[in-house]
Each structure stands twice: as C-alpha cells, then as structure tokens.
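Colleague:
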Amino acid sequence: MSLDLSPRLADPDALYAALIAAHQGLDEAASRRLDAQLVLLLANHIGAQDVVFQAIAIARDLAAAQEGATA
Amino acid sequence: MKPDTTLPVLIAGGGLVGLTLALDLARRGVRAVVLDQAASVAEGSRAICFAKRTLEIFARLGLGARMLEKGITWNQGRVFFQAREIYGFNLLAEDGHECPAFVNLQQYHVEAWLVDACLAAGVDIRRRYRVVGVENGADVRVSVAGPEGTYTLRAAWLIACDGARSFVRESLGLDFLGQVFRDRFLIADVKMQADFPTERWFWFDPPFHRHQSVLLHKQPDDVWRIDFQLGWEADPEVERAPERVCARIRAMLGEDVDFSLEWVSVYTFRCRRLHRFVHGRTIFAGDAAHQLSPFGARGGNSGVQDADNLGWKLAAVLAGAPVRLLDSYDAERVAAADENILHATRSTDFITPKSPAARAYRDAVLSLAERFPFARPLVNSGRLSRPAVLADSPLNDPEADDWPGAPPLGSVAIDAPVGEDDWLLRHLGDGFTLLVFGPPFPLDAPAVRCLFIAAEPVPGRADVLHDRTGLAARRYGAPIGGCVLLRPDQHVLSRFVRYDAARVASAMARVVASIGVMA
Ligand SMILES: Cc1cc2nc3c(=O)[nH]c(=O)nc-3n(C[C@H](O)[C@H](O)[C@H](O)COP(=O)(O)OP(=O)(O)OC[C@H]3O[C@@H](n4cnc5c(N)ncnc54)[C@H](O)[C@@H]3O)c2cc1C
Numbered sequence: 089m090s091l092d093l094s095p096r097l098a099d100p101d102a103l104y105a106a107l108i109a110a111h112q113g114l115d116e117a118a119s120r121r122l123d124a125q126l127v128l129l130l131a132n133h134i135g136a137q138d139v140v141f142q143a144i145a146i147a148r149d150l151a152a153a154q155e156g157a158t159a
Numbered sequence: 003m004k005p006d007t008t009l010p011v012l013i014a015g016g017g018l019v020g021l022t023l024a025l026d027l028a029r030r031g032v033r034a035v036v037l038d039q040a041a042s043v044a045e046g047s048r049a050i051c052f053a054k055r056t057l058e059i060f061a062r063l064g065l066g067a068r069m070l071e072k073g074i075t076w077n078q079g080r081v082f083f084q085a086r087e088i089y090g091f092n093l094l095a096e097d098g099h100e101c102p103a104f105v106n107l108q109q110y111h112v113e114a115w116l117v118d119a120c121l122a123a124g125v126d127i128r129r130r131y132r133v134v135g136v137e138n139g140a141d142v143r144v145s146v147a148g149p150e151g152t153y154t155l156r157a158a159w160l161i162a163c164d165g166a167r168s169f170v171r172e173s174l175g176l177d178f179l180g181q182v183f184r185d186r187f188l189i190a191d192v193k194m195q196a197d198f199p200t201e202r203w204f205w206f207d208p209p210f211h212r213h214q215s216v217l218l219h220k221q222p223d224d225v226w227r228i229d230f231q232l233g234w235e236a237d238p239e240v241e242r243a244p245e246r247v248c249a250r251i252r253a254m255l256g257e258d259v260d261f262s263l264e265w266v267s268v269y270t271f272r273c274r275r276l277h278r279f280v281h282g283r284t285i286f287a288g289d290a291a292h293q294l295s296p297f298g299a300r301g302g303n304s305g306v307q308d309a310d311n312l313g314w315k316l317a318a319v320l321a322g323a324p325v326r327l328l329d330s331y332d333a334e335r336v337a338a339a340d341e342n343i344l345h346a347t348r349s350t351d352f353i354t355p356k357s358p359a360a361r362a363y364r365d366a367v368l369s370l371a372e373r374f375p376f377a378r379p380l381v382n383s384g385r386l387s388r389p390a391v392l393a394d395s396p397l398n399d400p401e402a403d404d405w406p407g408a409p410p411l412g413s414v415a416i417d418a419p420v421g422e423d424d425w426l427l428r429h430l431g432d433g434f435t436l437l438v439f440g441p442p443f444p445l446d447a448p449a450v451r452c453l454f455i456a457a458e459p460v461p462g463r464a465d466v467l468h469d470r471t472g473l474a475a476r477r478y479g480a481p482i483g484g485c486v487l488l489r490p491d492q493h494v495l496s497r498f499v500r501y502d503a504a505r506v507a508s509a510m511a512r513v514v515a516s517i518g519v520m521a
C-alpha cells in the first residue's frame, strides 16, 4: 500500500489547533512524550507498517534537509 | 599426549558449549579431547534461562529429565513502570510439547551434568590446561600449558569454544566486530526465602532505583537473580562492594528481608561476531564466535544450538563426507547469530534509550501499555530466545514438495504427544529421520530411519508412533502418506507428498555425499 499524500482532512485548521493546544503547558520532555504517544496510537490505527515506514522516510528526509539539522 | 598422533577433534574450552559439543560427538563415536584452563566448572550462575530448544537438545543428549526436574518452570511475567505494575503476560507456549518455553537453572548445574555425561561417554577432559599457541594449517598444532609443562597437540580439527575472550580468536588475528553498549549492569544472585511468585518481573524506572531498570528472576535452591541497570558512569569497583549491593537490594525488597549474596558481578554488554566461524581447520562456536547482550537469554542458548549444528557435520566429515558440509555450519550459524544480535540490540536500545527522542518513545510505549493492550507488544525487555529457522540454508532441498501448513525448510521439528506419556521428539535419535504420516506400509529401500505417525496404534511396532490427539498430523499439516525428512539436529531438510526412496536418498546425498556416512 502506498502512503496517501492527497489532502484528506475535513477541517485542517481545527486539526492543527488541536495539536498545538495539546502541547500547551507541557515541558520539553512531556511534549516529546505526547508526540511519541500520538505517533504510536496513529501507527497502530493505520496498521500497515509499510505505509508508516514511507511516512517515516519522508519526515526524516525533510528534517535532515533543514538548516542546522544534524547534531 | 604423544605429539606424533593426530587427534580427530580438539576442543579449546570446556564451558557450556565445548562440553555440549564433546558430548554430542561422543554419542557419534568421535572422542574429542577437551582442554580447559580452569580447575572446575565456572562459578557464578551466569546463564539462568534455558529455552525450549536448548532443553530439547539436552533431552536428545540424555540430560533432559534432569534439567526439567531441577529447573524452575515459569510462564508468567510482569512489567512495572515507575511505581505501578502496567501489565502481566503469560509466555505459555501451546500445550502438547514435552518442554516448556523456558526453565531457570544455574549454568554451573548444567555444566556439572555435562561433565558427568562426557566422562561417562569417554570424553577426555583435561583441566588446568591452557591453550597458549595455535598454528592453523593442513591440520592444527596447539601449544598447551598445564601442570606438567607445555607441550604440543596435533588435531585434524580445532574447535574454539574458549568464550568471549577467546585466545584462539586472538591468536588467529581475527576481527571481532560489533557494538559496545554504553551502559553497565550489576548482576546479583541472592539467596533468600521469599514468597515472590515464580515470575519474571521487570521494572522500568522504579522508585527504588530511579531512571534505571531492574529485573528479578527465580532460580532453584532459593536463589534469586537481580539485575540492576547502573548507567555508563557507574564505577564497577565501587558497585561491586557488598555493602553497596546489599543497600540496593534492601531498597528494593524492604529492610526486613533476610538474604545473603551468592554472586555479584558488574558487566558491560556487547553485541558482536566473527565475520566467519569456519577458518580452515579451526571452527568457532559459542561466545568465542559471537557475543550477545543478555536480554533475551540468547548467549548460552545460541551457543548450544551452535554445538547441535556442528556435531553431526563434524562427525560426518570425519567419516568421509565432503569438507564443504562445514560451510553450511558457517552459513547457518552466522545467520542465526545475526538474528540474535538484531534482537539483543533492539532490546538493549529499548532498555537503554540513547537519546531524548528514544527515551520519549520508550516512555510513551510504557504509558500506553498500561491502558491499551495494543502497545504491549512494543515493550521490549528482552525477546526470549527462539530456535533459528535456517531458511536460507544451502542444505535445504530445492526439490522439496510443499503443502498448506507445512513446516518451513530449515525450521526445527515440532514436538507432539504420542502414545502414552511419550513425545515425538524423543524418538528422533541422533541421525537423519524420515517422518511418514499415516498408517504404516512396507517401504522399499529405506535409506534412513523411518517413523510412521499414525492415527491408530500398532502394537509391537517401535517405528509406529500413535498420534493419539492428532496434534502431530495437524502441526506438520501433512497429507496422508506425506513425509518430512529431518537432519540429525532435527531441522527440516525436505518434504515429500509421498514416499519416494530415490528422492529421499538424493536429498540426503546433497548433504553427506554418500549416505553410508550417516544413516
Ligand atoms: C550474567 C550473565 C547472564 C547470562 N544469562 C544468560 C541466560 O540466561 N541464558 C543464556 O542462554 N545465556 C546467558 N548468558 C550467556 C552465557 O553464559 C554464555 O553465552 C555461555 O557461557 C557461553 O558458553 P561458552 O561455552 O561459549 O563460553 P564459556 O562458558 O565462557 O566457556 C569458555 C571456557 O573456555 C575456557 N577457556 C578460556 N580460554 C581458554 C584457554 N586459552 N585455554 C583453555 N581453556 C580456556 C574457560 O575456562 C571456560 O571454561 C549470560 C552471561 C552472563 C555473564
């Protein structure tokens, strides 16, 4: 199966706002945990690991290409 | 000891693996000489978790009953995160196998029984003899230093079972490559009368040992194994001090628990292996060939499988089979070592997160696991050792037939109850075996020992096993008349939808060239 990259969200602004709101008041470590929990919940929901691996690859490429990306 | 005689097999190192190999060879009529620098079997429990496959191998070698009797069988595990238990699990493999998934047993008990069995089988074990030089040529010359001075032994084959710090490996100048984990662990064996259940308890970040992990496991004789993760900064000398160890244990178990220390050790873990295990006339097995982190109990268990894999091949080569048979040992056990290293590395990475991101994921998994069963399979406190499936083995028969539910080529024979209080694997013996599913019929020109697995009993026929529950037929998925050819180490070599003497013979000939060598 291939990762669906077409726009699929009914209310993208609300989704974005919900993500930001979820992080409010959390310190760096707790924020990180929250993101990790989200990823794991969604990955399990998707189930198809090859799809998740494609998403990981895209995210990694983008993150590594950004300025000051490497430690 | 005369230097002008050539020994068939010299085994450097009489630990768990060297002794297992020596016993296996003795049962095949090959009397090995085993050299060990130590005066007696190793002290300290070291390996305590012996997996199902190891138990089956020891059963074949005649030590099964002792292991099952003395060993502690456990199936239940619990995982704790900080102050809470987050879930329990049951490892119970399906019913209808003679051996449980695991027993806990001190390595020194197993080694002592191996020594007894080796001596009874005529193995020449020379203690306080240290290998101090190796010349690896058309045969192998080994210099040995012992109580009577130094002398040279010549052998057709040298098997290096001399452990993680292998002298043989070093003297051949071989690279031992892999990863060192920047972490330290304190291992304490504690004797106490405690009424904890016989379970494996694993704590992540508990209140009594913040930011690190702790493992508690029961052994026979009221001995408990406790592993404390210490972190890389810990000073091994300081941590080994009994007062300090006792303080940690009291923090964990409470001030009023009565215990004594049996054995204490501080470890750093590595995962690494030799590039190849066969080097001309010198062959490596066990920790000398590969070193693993202990999460998953893979070190000893995989070393025993090395010996199981090597014994029959070496005996066959000594009896005239082509030397290239030993290349399959290399291919099969290198692949198995890689699988073990992969699992051990992943477990270690989970237990010791290497970055803030890794730590966040680890803790996220643990928090989710408490509430949602879906996350529990992601918790990795060690993936317990399972037998290698030799899927890419060069020995697997390319002409094998297939059927739905067939055991994969290279997988290990599956046990099942047969007759009364009896088990299929007990009947396999030390040689090749052909399992024929269905009622017995006359076989023309059998080149190999054949066992019928029949739904009805046939009194007076030792070669007919009564598949009382139908589990054997089901586990092998075999059609009536279907056959499964097993190697001497009980891995599946080929499958045939119906008996065909010529095809059986040719599958075996691919392995040992002339069947007379092993049948
Ligand atoms: C704390 C701990 C816990 C473990 N837990 C488990 C577990 O639960 N399950 C599991 O499967 N594995 C476990 N292991 C790993 C297991 O103990 C080893 O993998 C196993 O002992 C390897 O056996 P071996 O025969 O290859 O090497 P060893 O047992 O180390 O034997 C090597 C032998 O060679 C001898 N020797 C060395 N050099 C020379 C020389 N130059 N000349 C002559 N003799 C020599 C030594 O005296 C020794 O007897 C654990 C290990 C440790 C340390």
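If you read the sequences in order, they're chains A and B. Count the first sequence with my numbering and you get residues 89 to 159, in order. Count the second sequence with my numbering and you get residues 3 to 521, in order. Each residue gets a CB set at the ideal place from its N, CA and C atoms; glycine is no exception.
#1: With a CB to CB cut of under 6 Å and the five nearest residues on each side skipped, what residues in its chain are close to B:Gly421?
#2: By the criterion of Cβ-Cβ separation under 9 Å, what are the contact partners of B:Pro358 in chain A?
#3: Relative to the C-alpha of B:Gly522, which residue among B:Gly151, B:Arg167, B:Phe204 and B:Phe439 is closest?
#4: Might you give, ordered along the chain, the residues of its own chain that have their beta carbon closer than 6 Å to the beta carbon of B:Val306, omitting 5 neighbours on each side?
#5: With a Cβ-Cβ cutoff of 8 Å, do B:Ala456 and B:Ala503 count as a contact?
#6: Below 9 Å between beta carbons is the criterion; list the residues of the stretch 366 to 387 of chain B that meet it against any residue of chain A, in chain order.
#7: Can you tell me whether B:Gly282 is helix, strand or coil according to DSSP?
#8: Of the choices B:His429, B:Ser395, B:Leu255 and B:Asp403, whose alpha-carbon is the least far from that of B:Ser413?
#9: Give a single yes or no on whether B:Arg300 has its beta carbon closer than 7 Å to a heavy atom of ligand 1.
#10: Examine ligand 1 and report whether any of its heavy atoms sits within less than 7 Å of the Cβ of B:Pro448.
#11: With respect to 7 Å, is the separation between the Cβ of B:Phe169 and the closest non-hydrogen atom of ligand 1 below this value?
#12: Starting from B:Gln181, follow its DSSP beta bridges and name the residues at the other end.
#13: Comparing the C-beta of B:Tyr331 with each C-beta of chain A, is any distance below 8 Å?
#14: Apart from the five residues just before and just after B:Ala408, which ones in its own chain have a Cβ nearer than 6 Å to its Cβ?
#15: Any C-beta of chain A within less than 9 Å: which residues of the stretch 10 to 35 of chain B qualify?
#16: Please tell me whether B:Pro419 and B:Arg476 are closer than 8 Å, where the distance is taken between their beta carbons.
#17: Taking DSSP as the reference, what is the three-state secondary structure of B:Tyr501?
#18: Is the distance from the Cβ of B:Ser357 to the Cβ of B:Asp191 below 8 Å?
#19: Can you find the residues in the same chain that come closer than 8 Å, C-beta to C-beta, to B:Glu341, ignoring five residues on each side of it along the sequence?
#20: Relative to ligand 1, is the shortest distance from any of its heavy atoms to the C-beta of B:Ser267 smaller than 7 Å?
#21: Using 7 Å as the cut-off, classify the Cβ of B:Asn303 as near or not near the heavy atoms of ligand 1, replying yes or no.
#22: Is the CB-CB distance between B:Pro310 and B:Asp141 below 8 Å?
#23: Between A:Ala136 and chain B, is there a C-beta pair that is closer than 8 Å?
#24: Looking at ligand 1, does it come within less than 7 Å of B:Pro296, judged from the CB to the closest heavy atom?
#25: Between B:Tyr501 and chain E, is the shortest Cβ-Cβ distance under 8 Å, so that the two count as touching?
#26: Name, going along the chain, the residues of the stretch 137 to 154 of chain A whose beta-carbon falls closer than 8 Å to a beta-carbon of chain B.
#27: Any chance you could list the alpha helix (DSSP H) runs of at least 4 consecutive residues sitting entirely within the stretch 42 to 79 of chain B, in chain order?
#28: Can you give the beta carbon distance from B:Phe367 to B:Leu386, rounded, assuming they're within the 8 Å contact cut?
#29: Three-state secondary structure (DSSP) at B:Met510?
#30: Taking the C-alpha atoms as reference points, what is the distance between B:Glu291 and B:Phe279?
#31: B:Ala474: which of B:Ile50, B:Pro461 and B:Ala415 sits nearest, CA to CA?
#32: Do the CB positions of B:Asp224 and B:Gln181 come within less than 8 Å of each other?
#33: Starting from B:Ile127 and walking both ways along the beta strand (DSSP E), at which residues does that stretch end?
#34: If you run the structure through DSSP and keep just helix, strand and coil, what is B:Arg405?
#35: Which complete alpha helix (DSSP H) runs does the stretch 167 to 224 of chain B hold, if anything under 4 residues is left out?
#36: B:Asp424 by DSSP, collapsed to three states: which one?
Modeller: Working from what's here:
#1: In the second sequence, the residue the question calls residue 421 of chain B occupies position 419. Closer than 6 Å at the Cβ level, and outside the excluded window around B:Gly421, lie His468.
#2: Indexing the second sequence from 1 puts residue 358 of chain B at position 356. Think of a sphere of 9 Å around the beta carbon of B:Pro358: the chain A residues whose beta carbon falls inside it are Glu116, Ala117 and Arg120, in chain order.
#3: This structure leaves residue 522 of chain B out entirely; chain B is present only between 3 and 521.
#4: Position 304 of the second sequence holds residue 306 of chain B. Closer than 6 Å at Cβ, skipping near neighbours: Thr22, Thr56 and Ile59.
#5: Against the second sequence, residue 456 of chain B aligns to sequence position 454. Against the second sequence, residue 503 of chain B aligns to sequence position 501. Between B:Ala456 and B:Ala503, the C-beta gap is not smaller than 8 Å, which leaves the two residues out of contact.
#6: Among the residues of the stretch 366 to 387 of chain B, those with a Cβ less than 9 Å away from any Cβ of chain A are Ala366, Val367, Ser369, Leu370, Phe374, Phe376, Ala377 and Leu380, in the order of the chain.
#7: Sequence index remark: in the second sequence, residue 282 of chain B carries index 280 (1-based). Looking at B:Gly282 - three-state DSSP - the assignment turns out to be coil, as it is neither helix nor strand.
#8: On the second sequence, residue 413 of chain B is found 411 positions in, with the first residue counted as 1. Out of B:His429, B:Ser395, B:Leu255 and B:Asp403, B:Ser395 has the C-alpha closest to the C-alpha of B:Ser413.
#9: Along the second sequence, read from residue 1 onward, the residue named residue 300 of chain B stands at position 298. Result yes, Cβ under 7 Å from ligand 1.
#10: Residue numbering aside, residue 448 of chain B sits at position 446 when the second sequence is read from its first letter. No, the Cβ of B:Pro448 stays beyond 7 Å of every heavy atom of ligand 1.
#11: The sequence position of residue 169 of chain B within the second sequence is 167, counting from 1. Checking every heavy atom of ligand 1 against the Cβ of B:Phe169, one is found closer than 7 Å.
#12: Walking along the second sequence from the start, residue 181 of chain B turns up at place 179. As DSSP reads the structure, B:Gln181 sits in a beta bridge with B:Cys273.
#13: Counted from its first residue, the second sequence places residue 331 of chain B at position 329. Against chain A, the CB of B:Tyr331 has no partner CB under 8 Å away; the residue lies outside that interface.
#14: Position 406 of the second sequence, counted from the first residue, corresponds to residue 408 of chain B. Within the same chain, and ignoring the five residues on either side of B:Ala408 in sequence, the residues whose Cβ sits closer than 6 Å to its Cβ are Gly479 and Arg497.
#15: Of all residues in the stretch 10 to 35 of chain B, none is placed with a Cβ closer than 9 Å to any Cβ belonging to chain A.
#16: Here residue 419 of chain B is taken as the residue at index 417 of the second sequence, counted from 1. Here residue 476 of chain B is taken as the residue at index 474 of the second sequence, counted from 1. Not in contact: B:Pro419 and B:Arg476 (Cβ atoms no closer than 8 Å).
#17: Taking the first residue of the second sequence as position 1, residue 501 of chain B is located at position 499. Note: B:Tyr501 maps to coil in three-state DSSP.
#18: Residue 357 of chain B sits at position 355 when you count from the first residue of the second sequence. Residue 191 of chain B sits at position 189 when you count from the first residue of the second sequence. Their beta carbons are not under 8 Å apart, which means B:Ser357 does not touch B:Asp191 by this criterion.
#19: To locate residue 341 of chain B, count along the second sequence from 1; it is residue 339. Only Ala390 meet the Cβ criterion.
#20: As a first step, residue 267 of chain B must be located in the second sequence, where it is residue number 265. Short note on B:Ser267: C-beta closer than 7 Å to some heavy atom of ligand 1.
#21: The residue given as residue 303 of chain B occupies position 301 in the second sequence. It does: the Cβ of B:Asn303 is within 7 Å (strictly closer) of some heavy atom of ligand 1.
#22: On the second sequence, residue 310 of chain B is found 308 positions in, with the first residue counted as 1. On the second sequence, residue 141 of chain B is found 139 positions in, with the first residue counted as 1. As written in the sequence, residue 310 of chain B is Asp, which differs from the Pro given in the question. Against a cut-off of 8 Å, the Cβ pair of B:Asp141 and B:Asp310 comes out as no contact.
#23: On the first sequence, residue 136 of chain A is found 48 positions in, with the first residue counted as 1. Taking Cβ atoms only, chain B never reaches closer than 8 Å to A:Ala136, which makes this a no.
#24: Here residue 296 of chain B refers to the residue found at position 294 of the second sequence. Yes, the Cβ of B:Pro296 comes within 7 Å of a heavy atom of ligand 1.
#25: Judged by its chain identifiers, the structure shown contains no chain E, and its protein chains are A and B.
#26: Going along the stretch 137 to 154 of chain A in chain order, one finds no residue with a Cβ nearer than 8 Å to chain B.
#27: The stretch 42 to 79 of chain B contains these whole alpha helix (DSSP H) runs: 54 to 62 and 66 to 72.
#28: Your numbering for residue 367 of chain B matches position 365 in the second sequence. Your numbering for residue 386 of chain B matches position 384 in the second sequence. With the sequence shown as reference, residue 367 of chain B is identified as Val, and Phe is not the correct amino acid for it. B:Val367 to B:Leu386, Cβ: 18 Å. No contact.
#29: As a working note, residue 510 of chain B is residue 508 in the second sequence. Three-state DSSP puts B:Met510 in a helix.
#30: Walking along the second sequence from the start, residue 291 of chain B turns up at place 289. Walking along the second sequence from the start, residue 279 of chain B turns up at place 277. Looking at the sequence provided, one finds Ala at residue 291 of chain B rather than Glu. Going from the Cα of B:Ala291 to the Cα of B:Phe279 covers about 6 Å.
#31: Here residue 474 of chain B refers to the residue found at position 472 of the second sequence. Per the Cα distances, B:Ala415.
#32: Locating residue 224 of chain B in the second sequence gives position 222, where the first residue counts as 1. Locating residue 181 of chain B in the second sequence gives position 179, where the first residue counts as 1. Not a contact, by the Cβ cut-off of 8 Å.
#33: For the purposes of this step, residue 127 of chain B is taken as residue 125 along the second sequence, with counting starting at 1. Asp126 to Arg129 is the span of the beta strand (DSSP E), which, as asked, contains B:Ile127.
#34: Here residue 405 of chain B corresponds to residue number 403 of the second sequence, with the count starting at 1. In the sequence as displayed, the identity of residue 405 of chain B is Trp instead of Arg. Three-state result, B:Trp405: coil.
#35: If we require 4 residues or more, the alpha helix (DSSP H) runs fully inside the stretch 167 to 224 of chain B come out as 169 to 173.
#36: By one-based count along the second sequence, residue 424 of chain B stands at place 422. Per DSSP, reduced to three states, the secondary structure at B:Asp424 is strand.
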